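As structure tokens, the structure follows; a few thoughts come after it.
Right, here's the structure in full:
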């Protein structure tokens, strides 16, 4: 067997070089760990948001972003490692609107005597808007239409739904 001589670079095998390599490796690992945490969190948040949008759950308890990883300070030998940090891995996305309330709860929360005249459904008949709490049989004060012309309406109740408005003037 023959040996091939080679020149060994003393700086490449020094403690300082090992510390620098460990630091570079730790920085790459922190980026990868945080990237994975962010993907997992945003997937969980999106799944929660789907349930909120569907009205199955309220929006009062959103998943919080987990803490991200950081590179530690040097240990006694000067090496640094990925450790769990104190700050969130990313910002929390916007909280969706709460759709978990029933229509009865929404209606009960509206101010009394709110007039909400909906779209014209034919002639002088109008639908009742979702925010309407005006009593059936009542006559509204003059209300301007889209052109600014004042009209009064009489509200008719219904067994199903909120009823209708008849334009009187």
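Residue numbers (my numbering): 9 to 177.
Backbone N, C-alpha and C define an ideal beta-carbon position, used for all residues, glycine too.
Since the structure is predicted, the reported quantities are computational estimates derived from the model, not experimental observations.
Separation of residue 24 and residue 78 (C-alpha to C-alpha, rounded to the nearest whole angstrom) is 21 angstroms.
With contacts defined as CB atoms closer than 7 angstroms, residue 93 and residue 75 qualify as a contacting pair. Scanning 161, 152, 85 and 121 for the CA closest to the CA of residue 133 turns up 161.
For residue 60 against residue 104, the beta-carbon gap comes to about 5 angstroms, under 8 angstroms, which counts as contact. Residue range 23-61 is occupied by the alpha helix (DSSP H) that includes residue 40. Take the alpha-carbon of residue 152 and the one of residue 166: they are about 25 angstroms apart. Considering only 131, 36, 147 and 55, the residue with the shortest C-alpha distance to residue 123 is 147.
By the beta-carbon neighbour count (other beta carbons within 10 angstroms, threshold 16), residue 163 is buried. Nearest C-alpha to residue 53 among 99, 26, 149 and 37: 99. In the DSSP assignment, residue 175 falls within the beta strand (DSSP E) that extends over 172-175. A residue is called buried when at least 16 other Cβ atoms come within 10 angstroms of its Cβ; residue 168 does not meet this threshold and is exposed. Residue pairing of residue 162 in beta bridges, as defined by DSSP: 147 and 174. Residue 139 and residue 173 have their C-alpha atoms roughly 14 angstroms apart.
Sixteen is the threshold: since fewer than 16 other Cβ atoms of the shown chains lie within 10 Å of the Cβ of residue 176, the residue is exposed.
Straight-line spacing of the CA atoms in residue 88 and residue 39 works out to 15 angstroms. At a Cβ-Cβ threshold of 7 angstroms, residue 71 and residue 56 count as neighbours.
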